[in-house]
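Comments concern the structure below.
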Amino acid sequence: GAGVSQSPSNKVTEKGKDVELRCDPISGHTALYWYRQSLGQGLEFLIYFQGNSAPDKSGLPSDRFSAERTGGSVSTLTIQRTQQEDSAVYLCASSQLGGTSTDTQYFGPGTRLTVL
Amino acid sequence: ILNVEQSPQSLHVQEGDSTNFTCSFPSSNFYALHWYRWETAKSPEALFVMTLNGDEKKKGRISATLNTKEGYSYLYIKGSQPEDSATYLCAFPDTGNQFYFGTGTSLTVIP
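The listed protein sequences derive, respectively, from chains A and B.
For the record, in the first sequence the residue sitting at position 21 is 21 according to our numbering, with numbers rising by one throughout.
Here our numbering = 1-based position in the second sequence + 1000.
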């Protein structure tokens, strides 16, 4: 079946602009994660959605970052007033159950964001 | 924030060589340890989920061991091939929500 997809694959924007990144998880997966990888850093947790529960937003680095997940499926990560330090690869992952430490996450190909 | 470390940061080996690298994680409150392979221009791909001390998992030429008491896992690749070139990531979940990833080991296999 189809894997996790993300769009766009690349995004170049100017400092101060808003951007939206989209993630389509695997159908039927209840959990969805957003991560980012800045240059030379490991994957950094941003936010986690589990079914209809309130999302775990504890990893969002500032209030310029927000995310939503509509209908328990597609998710959008929005970055307002982008800064150069927001440049990174943003990865989305979904898992079947979520909320368990052994559940495998399936990753999308990522969106490479460059803020000029 | 939990500290998950991987070493070495990068590795170049000749085709046919065997190699291994390390993931270190907190030895307290262990739930599981995940290994992923991330090839350039592709999505990270799950390799193993390890849960028990002394666990050993194998997938083809790749295997992994786990020591939860001392807080480390080794990933071994036997007879490296160019297609093994990738970044290998480990991830340590503190609960079901948050997974802490290491910075990865970048492996290049030279033909």
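Quick reminder that beta carbons are idealized off the backbone N, C-alpha and C, glycines included.
Shown here, B/E1083 sits in a helix according to DSSP, grouped into three states. In the structure shown, A/T70 falls within a helical segment according to DSSP collapsed to helix, strand and coil.
Counting along the chain, the unbroken beta strand (DSSP E) around A/D24 starts and ends at 19-24.
In chain B, no part has a C-beta under 9 Å from the C-beta of A/T76; the shortest such distance is about 19 Å. About 2 Å separates the beta carbon of A/G98 from that of A/A31, a gap short enough to meet the 8 Å contact definition. Of all alpha-carbon atoms in A/L91, A/G59, A/T100, the one lying nearest the alpha-carbon of B/A1041 is that of A/L91.
Residues of chain A whose Cβ lies closer than 8 Å to the Cβ of B/L1089 are, in chain order, G42, L43. Ranked by Cα distance from A/Q84, the first of A/A67, A/V115, A/D24 is A/V115.
In the three-state reduction of the DSSP assignment, A/D56 falls in the strand class, which pools E and B. Taking 7 Å as the Cβ-Cβ cut-off, the stretch 1024-1041 of chain B approaches chain A at Y1031, A1032, given in chain order. In terms of Cα proximity to B/E1070, the closest of B/T1019, B/N1020, B/N1053 is B/N1053.
For A/G51, same chain residues with a beta-carbon under 7 Å away, outside a window of 5 residues either side, are T30, G72 in chain order. According to the DSSP secondary-structure assignment, A/R64 is paired through a beta bridge with no residue. Within the stretch 1042-1060 of chain B, those residues whose Cβ lies closer than 8 Å to any Cβ of chain A are, in chain order, K1042, S1043, P1044, E1045, A1046, V1049, T1051. Contact annotation: the stretch 1016-1027 of chain B touches the stretch 1072-1089 of chain B, with at least three C-beta pairs closer than 8 Å.
Under DSSP, A/Q6 shares a beta bridge with A/C23. Distance from the CA of A/K11 to the CA of A/S38, rounded to the nearest whole angstrom, comes to 15 Å.
Comparing alpha carbon positions, the residue from A/S87, A/R22, A/D56, A/R64 closest to B/F1099 is A/D56.
Between A/G3 and the set A/L77, A/V19, A/R69, A/P25, the nearest pair of CA atoms involves A/P25.
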